[in-house]
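Q: Input: one structure, supplied below.
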Amino acid sequence: FSYDKRIIAQMMAGTVNEATLSFDDFVNDAKDVFTYFKNQKKYNKIIIAGHSEGSLIGMLAANNNADAFISLAGAGRTIDAVLTEQIEKQAPFLKEEVQKDLEILKSGKTFELKNQMLASLFRTSVQPYMISWIKYN
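For the sequence shown, my numbering assigns the number 185 to the initial residue and increments by one for each residue that follows.
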């Protein structure tokens, strides 16, 4: 069974409300899928695999319940470390600002975005999601 995060269907339907999204919603969705198949009682083993961001989601969903877990290109680092590295390679002049913004999010607070070049990462509506994701190591 394969699926993508709920946001994909919401994007296609035009019903995405980024401000209400939480990383834990995606983990709970994966846990629900696992529970559904576990309750079918017709599978000898259930193995969870996740790619990239989904690797962390899958790892948290598997949480000693799945028979195995497969990480496909999982980051192995916190999202703030990944984003800082990516920015450093693509736009090194933004690295310091990104690090400061990430530190605010790590403290559990949002901030007013001043640099619109960073809107794809830090627009107001996505900051709560980033806060919910950044806590995982």
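Glycine included, every Cβ here is placed at the ideal spot set by N, Cα and C.
Whose CA, out of Val310, Tyr320, Ile318 and Asn321, lies closest to the CA of Leu205?
A: The shortest Cα separation from Leu205 among Val310, Tyr320, Ile318 and Asn321 belongs to Val310.
Q: With respect to the beta strand (DSSP E) encompassing Gly234, which residues constitute its N-terminal and C-terminal limits?
A: Taken as a continuous stretch (DSSP letters only), the beta strand (DSSP E) holding Gly234 covers Ile231 to His235.
Q: Is there contact between the segment 185–198 and the segment 290–303, where contact requires at least three CB pairs shorter than 8 Å?
A: No, the segment 185–198 is not in contact with the segment 290–303.
Q: What's the call for Ala246, buried or exposed, on a 16-neighbour Cβ count within 10 Å?
A: Buried is the call here.
Q: Quick check on this structure: which residue in Lys279, Thr262, Leu244 and Ser291 has the alpha carbon closest to the alpha carbon of Asp213?
A: The candidate whose alpha carbon is nearest that of Asp213 is Leu244.
Q: Quick one, which of Glu272, Met301, Ser304 and Thr268 has its alpha-carbon nearest Asn287's?
A: In the sequence as presented, Asn is not what sits at residue 287; that position holds Glu. Checking every option, the nearest Cα to that of Glu287 belongs to Thr268.
Q: Touch check for the segment 247–258 and the segment 220–238: three-plus C-beta pairs under 8 Å?
A: Segments in contact, yes.
Q: Is it buried or exposed, Ser353, if we count other Cβ atoms within 10 angstroms and call 16 or more buried?
A: The requested residue 353 is not part of the displayed model; the chain covers only 185 to 321.
Q: Quick check: the Cα distance between Phe221 and Ala233, rounded to an integer number of angstroms?
A: Spanning the two alpha carbons is a distance of roughly 14 Å.
Q: Helix, strand or coil, according to DSSP, for Ala252 in the structure here?
A: In this structure, Ala252 counts as strand in the three-state DSSP scheme.
Q: Rank Trp317, Gly238 and Thr308 by C-alpha distance to the C-alpha of Leu256 and give the top, closest one.
A: When only C-alpha atoms are compared, the closest one is Gly238.
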